[in-house]
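Down below is the structure, laid out as structure tokens.
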């Protein structure tokens, strides 16, 4: 889980954004796209999603420099209808294709009640919650999943077929924050030193997580053109090995939005007064803590652990930049 570490130091968000953008530009990305990527990654840090925050720029910079990912993709639509579309990421990071898809399906959703986009031919999209949350901020229900190229062998456990893909749902509210559920289907299970114990205690839990992983791969991967067995199709950017599915749902087609949002506000209020889980001091619904962290860290700074500091320092040295701390 993304937990603030005791060895963390606080770094101003703007310093982290400047560094992240500079590193992206050093790897060949144009300024506008680099600034956009930096904004998204630091936003994840602010919300406490450190695994998909600024430390990711170290990996991204290296794969762009090494030619595995297109640093300046020309994202384009390759197939569209009234309520669906396919967005090609042109071999770049998946953020650009996924953001384009979200922008394009909002009006489609309002016109038709539901809209969906598949993105393909790109790398990592980052946290799926980025995109579901954007839809919720538009008053829509959002669902996002992603898949990636697997390399399966019959000698491995079937758990490998569940991949490591994310899934996110987001639901708008009224005066309360949107409810945003964002998780990796298999992140706490494979690999894990506690897997055997977990399976003995709660086999249904393990199978459900595996089932979610299988669905992520089918809907976010195969639907986006990935193959079960990788084919040498001559693509230029070998790191463009992911896809995504983004769905938007218009609440007004089922119920008055104000009524729905009022119920969500009541739900948030009542559950916040319920008894928390063992070891926790508060009961909250998904998305509340992330929002509160963001509001606090905008002013107090982002806590970077020793591990995150090392990742960014090593990248700074490698690309001849000053670290942001």
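Numbering (my numbering), first residue to last: 749 to 1073. All C-beta atoms in this analysis are idealised placements derived from N, C-alpha and C, irrespective of residue type, glycine included. All of these numbers come straight from a predicted model, not from anything done at the bench.
How many whole angstroms separate the CB atoms of residue 849 and residue 865, which I take to be in contact at a CB cut-off of 8 Å? 4 Å
Check whether the Cβ atoms of residue 837 and residue 823 lie closer than 7 Å to each other. yes
Closest by C-alpha distance to residue 996, when choosing among 930, 819, 851 and 794: 851
DSSP beta-bridge partners of residue 801: Partner(s): none; residue 801 has no beta bridge.
Alpha carbon of residue 1062 to alpha carbon of residue 814, nearest angstrom: 17 Å
In whole angstroms, what separates the C-alpha of residue 871 from that of residue 839? 7 Å
Checking the sheet assignment: what are the DSSP bridge partners for residue 835? 825 and 867
Is DSSP giving residue 897 helix, strand or coil here? coil
Got a sec, what are the start and stop residues for the alpha helix (DSSP H) residue 914 sits in? Residue 914 -> not in any alpha helix (DSSP H); beta strand (DSSP E) instead, spanning 914-919.
Measuring CB to CB, does residue 805 end up less than 7 Å from residue 832? no
Classification of residue 1006 by the beta-carbon crowding that lies within 10 angstroms, buried from 16 upward: exposed
For residue 957, tell me which candidate among 938, 855, 761 and 892 has the shortest Cα-Cα distance. 938
Just to confirm the assignment, what range does the alpha helix (DSSP H) spanning residue 952 have? 951-968
With DSSP as the reference, identify every bridge partner of residue 758, one or two as the case may be. 1051
Hey, residue 964 and residue 915 are a contact pair by Cβ (cut 8 Å); roughly how many whole angstroms apart? 6 Å
What first and last residue would you give for the alpha helix (DSSP H) that runs through residue 877? 877-885
What's the C-alpha gap between residue 1002 and residue 776? 47 Å
Quick check: the Cα distance between residue 787 and residue 948, rounded to an integer number of angstroms? 43 Å
Looking at the strands, I want to know which residues DSSP matches up with residue 997. 862 and 889
Residues near residue 1031 in its chain [Cβ-Cβ closer than 7 Å; skip 5 each side]: 1019, 1020, 1022, 1023 and 1024
Quick check on this structure: which residue in 977, 1071 and 1038 has the alpha carbon closest to the alpha carbon of residue 925? 1038
Taking only the alpha-carbon atoms, compute the straight-line gap between residue 807 and residue 816 and give it to the nearest angstrom. 11 Å
Can the beta-carbon of residue 934 be found less than 7 Å from the beta-carbon of residue 909? no
Counting only the same chain and skipping the five closest in sequence on each side, list residues whose C-beta sits under 6 Å from that of residue 774. 1067
Is the number of C-beta pairs between the stretch 979-999 and the stretch 884-899 that are closer than 8 Å three or more? yes
Of the residues 1054, 799 and 765, which one's Cα is nearest the Cα of residue 753? 1054
DSSP three-state label for residue 928, please. strand
Straight-line gap, residue 907 to residue 1071 (C-alpha atoms, nearest Å): 39 Å
With 16 other CB atoms within 10 Å as the buried threshold, where does residue 984 fall? exposed
Residues in the same chain with beta-carbon distance under 8 Å from residue 820, minus the five sequence neighbours each way, listed in chain order, please. 776, 777, 778, 781 and 840
Anticipated Cβ contact below 8 Å, residue 928 with residue 1034, distance rounded: 6 Å
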